[in-house]
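Participant: Attaching a single structure in structure tokens format; questions to follow.
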Ligand code: ZN
């Protein structure tokens, strides 16, 4: 076995595997530095395959023995695995390999985290466990035997037998290797049960390290809610008698949907009021739902190849977003999703890393677990639903489950069920999967005394590898308002299919005011060319909650851009309109808190760049601070009222109402702290009995240049809690002044609790550094150098996490020559590092291109 050379893999080259698997038996003899894995796999020739080569992937394995039909097999080492000559008939492959979980710091395959064994196989980690056709279209039923001294020995499916030091598991559902999982450790479980709609009882468990058992109740409830929701809304019932979740401290991603044995980054499942913020609770609920929903969209129907990743991820994100919207506030959920899309996906799609929702080539698939595949992938599903309607969507999805259950499917299969059940031609719609870039939607209005006309046009700028863009199908949700704010036309969906198209609305005796792209009906950039008065009108009157919020956001945006480019003072019309919204008690607190927010500094940098202006991070920072100070001054009387009115008596609950009130109170506090030197925040800190209030207070104190004492007290109080300490690390960087960000970060990397091997801790520090726009881009270049230095250190330890964090540099070409030169030098330094991983190499190459 040799390591695979970096090569580019193409979607168009797909061919099926030459063999079918009739069953897999694995035996694990666990030992930290020398685990033995015995495999017994029944193969038979695949009549549909033309490539009959018997090739098994393998990486970092020591082969002890291999046999075919009981006779020692001659295996040849080839790139990325082994080959052997096999009979043209069914045969049994047996192999024994040795692996080293203890030294596996890449956290892919079988590794150890705090003394427990666990696995991570998606996308191509199973090949680090044993020789296997490690590709999602090869599905098989697994039987797994575990021999180890740990109290708890888990794998996928149902337990067959268990005794001291031994466990045998059987997963009846054929699955690809990436859904395999094994966990062994001295764990405790938080149990639960769920009765499915057909009356079957399912045992549920959340497994944690001792000490974390009181942080499971919320996750358990979220799991039950998810199971119920998937039955109610998608008609999908769980299909095993047992569902296990395990919390792991060292994990590259958020969580993993292994069949019947989900493995979670502990930050995405463990929650308690004292240690978790409202945001944490919300995220945990969504991720538990996401992984659970994968059981049908991902596991029962999986992907033919990794190019189809959005088939499971886009759909599953869409489903978890629907779930959150149903359980909490739909408008608040939608606004949050759009903020995330604009914050993460738009920059990706408008820079060197831009790629289609379904990429056509890659070197390292781990680099394609992106905001584009996930979040834009979900937007594409949402548009499809908007276009066909709710009932047709349900019918098509039912057909998808009927037709493809047990399959490794493609985007073509997905679209085909919509075509077959609706009769619609989705040929043009499919461009959403193949064209990268963010379309720009431009609007012009006409009115002749009776007919109101909207002239819509679309265009997409060239992206890497795609110079020409064709028009896409864009569902544009539009409503019309009268000048007194009444809705004179309820929301309609305009289908823009051409580069330019006009839509007429007749019989309007007065000129209506359009509300366009309601609920953000497509992931595009809307250019409306409207003035402040119009935006203020929509902020006051729009009947679509998303667009009402959007009107305020646009006013804030324009105010900031004017300040940055011309030094203008914050826009009084914006502050007036915002004040009226904040005073409106009929609007829920969470929504008003979102209204109080403003565009991020990196968003502003992106907007300036789009407008052909080189962003100056210092000027952006100053303007952003000025606007917040202007709010603090303009709402001097209102803020204490908002703060008071949203205090909650009684026990903490992370529900939508409670978290909404806390978010508004905390938003008010952060502005109040700009004028009272942190006095109220200190009060809140002193009496806080939950992390949401405690952390917000500390954040305000640091922002106000105070909080030294509280910062030390916080560390004292929480030094034993890894997840809380991650917040402590991040917060100091987030609240540092731009010229101190690199220094503060550097100091924190010298803290005894900074451990680069733990992805959460590394991200808490380096992620905060790269997300502090003015600090990261400080003209002294110290932050660029510091991040590069740490990426170079981390790469040999954990390539996946290193590669993902390289995206901090993806916007380097936006900036002035001096900054570009500095960033480019750091990119070169990383690129020229000896033995750079394939993951990081691909990312740096693309970013530099
Ligand atoms: Zn997923």
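In full-length UniProt numbering, the protein residues as written are 1 to 849. We treat Cβ as the ideally placed atom computed from N, Cα and C, and that holds for glycine. A quick note: this is a predicted structure, and the numbers were derived from the prediction, not measured.
Is DSSP giving residue 62 helix, strand or coil here?
Facilitator: Strand at residue 62.
Participant: Does DSSP put residue 216 in a helix, in a strand, or in coil?
Facilitator: Reduced to three states, the DSSP call for residue 216 is coil.
Participant: Considering just the uninterrupted stretch of the beta strand (DSSP E) at residue 854, what are its terminal residues?
Facilitator: One cannot answer for residue 854 here, as it falls past the ends of the chain, which runs 1 to 849.
Participant: What residues in its chain sit with their C-beta under 8 Å from that of residue 856, if we drop five residues either side in the sequence?
Facilitator: In this structure the chain extends from 1 to 849, so residue 856 is not present and cannot be described.
Participant: Roughly how many whole angstroms lie between the Cα atoms of residue 387 and residue 475?
Facilitator: Their backbone Cα atoms lie some 7 Å apart in a straight line.
Participant: With 16 as the cutoff for other CB atoms within 10 Å, does residue 166 come out buried or exposed?
Facilitator: Its Cβ having fewer than 16 others within 10 Å, residue 166 is exposed.
Participant: Could you pull the start and end residues of the beta strand (DSSP E) that residue 111 belongs to?
Facilitator: From DSSP, the beta strand (DSSP E) with residue 111 extends over 109-113.
Participant: Would you call the CB atoms of residue 144 and residue 169 closer than 7 Å?
Facilitator: Their beta carbons are under 7 Å apart, which means residue 144 touches residue 169 by this criterion.
Participant: Just to check, is the beta-carbon of residue 379 closer than 6 Å to a non-hydrogen atom of the ligand ZN?
Facilitator: No, the ligand ZN has no heavy atom inside 6 Å of this Cβ.
Participant: Can you find a heavy atom of the ligand ZN that lies under 6 Å from the Cβ of residue 316?
Facilitator: Checking the Cβ of residue 316 against the ligand ZN gives yes.
Participant: Measuring only the C-alpha atoms, how far is residue 292 from residue 284?
Facilitator: Straight-line Cα distance between these residues: approximately 12 Å.
Participant: In the DSSP assignment, find the alpha helix (DSSP H) that holds residue 482 and state where it starts and stops.
Facilitator: Here residue 482 belongs to no alpha helix (DSSP H), and DSSP marks it neither H nor E.
Participant: Kindly identify the DSSP beta-bridge partner or partners of residue 503.
Facilitator: According to DSSP, residue 503 bridges with 454.
Participant: Mind checking whether the beta-carbon of residue 313 lies closer than 6 Å to any heavy atom of the ligand ZN?
Facilitator: Within the cutoff, so yes.
Participant: Who are the near neighbours of residue 89 in its chain, counting only those whose CB is closer than 6 Å to its CB and skipping five residues on each side?
Facilitator: Cβ within range, chain order: n/a, list empty.
Participant: Mind listing, in chain order, the continuous beta strand (DSSP E) runs of no fewer than 3 residues lying wholly within the segment 356-417?
Facilitator: Those beta strand (DSSP E) runs which fall completely within the segment 356-417 and span 3+ residues do not exist here.
Participant: When DSSP builds the beta bridges, which residues end up paired with residue 24?
Facilitator: DSSP lists 41 and 142 as partners of residue 24.
Participant: Measuring only the C-alpha atoms, how far is residue 456 from residue 442?
Facilitator: Near 6 Å, if we compare the C-alpha coordinates of residue 442 and residue 456.
Participant: What does DSSP give as the partner residue(s) for residue 843 in the beta ladder?
Facilitator: For residue 843, which the question treats as bridged, DSSP gives no partner whatsoever.
Participant: Just to check my reading of the structure: residue 850 and residue 176 have Cβ atoms closer than 8 Å, yes? What is that Cβ distance to the nearest angstrom?
Facilitator: This structure cannot settle anything about residue 850, because the visible part of the chain is limited to 1 through 849.
Participant: Roughly how many angstroms separate the alpha carbons of residue 228 and residue 156, rounded to a whole number?
Facilitator: Cα-Cα distance, rounded: 22 Å.
Participant: What is the DSSP secondary structure of residue 595, counted as helix, strand or coil?
Facilitator: Residue 595: helix per DSSP, three-state reduction.
Participant: Taking DSSP as the reference, what is the three-state secondary structure of residue 86?
Facilitator: Coil at residue 86, not helix or strand.
Participant: Extract the residue ranges of the alpha helix (DSSP H) inside the segment 151-221, only unbroken runs of 4 or more that lie entirely within it.
Facilitator: With a minimum length of 4 residues, no continuous alpha helix (DSSP H) run stays inside the segment 151-221.
Participant: Roughly how many angstroms lie between the CA atoms of residue 337 and residue 22, to the nearest whole one?
Facilitator: One C-alpha to the other measures close to 42 Å.
Participant: May I have the straight-line CA-CA distance separating residue 594 from residue 496, to the nearest angstrom?
Facilitator: The straight-line gap from Cα to Cα measures roughly 30 Å.
Participant: Give, in chain order, every unbroken run of the alpha helix (DSSP H) that is at least 4 residues long and sits entirely within the segment 753-777.
Facilitator: With a minimum length of 4 residues, the continuous alpha helix (DSSP H) runs that stay inside the segment 753-777 are 759-762, 768-771 and 773-776.
Participant: Using 7 Å as the threshold, is the C-beta distance between residue 64 and residue 98 below it?
Facilitator: Cβ atoms of residue 64 and residue 98: closer than 7 Å.
Participant: Check each candidate in 646, 353, 76 and 674 and name the one with the smallest Cα separation from residue 664.
Facilitator: Of the listed residues, the one whose Cα sits closest to residue 664 is 646.
Participant: Using only the heavy atoms of the ligand NAP, determine whether one of them is closer than 6 Å to the beta carbon of residue 691.
Facilitator: By its list of ligands, the structure shown excludes the ligand NAP, since it contains just the ligand ZN.
Participant: Starting from residue 265, follow the beta strand (DSSP E) in both directions and report where the run begins and ends.
Facilitator: First-last of the beta strand (DSSP E) with residue 265: 261-265.
Participant: For residue 851, tell me which candidate among 264, 204 and 209 has the shortest Cα-Cα distance.
Facilitator: Given a span of 1 to 849 for the chain in the structure shown, any question on residue 851 remains unanswerable.
Participant: Using the DSSP secondary-structure output, state which residues sit across from residue 303 in a beta bridge.
Facilitator: 409, per the DSSP bridge assignment.
Participant: If the criterion is Cβ atoms closer than 7 Å, does the pair residue 648 and residue 564 meet it?
Facilitator: No. Outside cutoff.
Participant: Which of the three DSSP states, helix, strand or coil, is assigned to residue 705?
Facilitator: DSSP places residue 705 in coil when its eight states are reduced to three.
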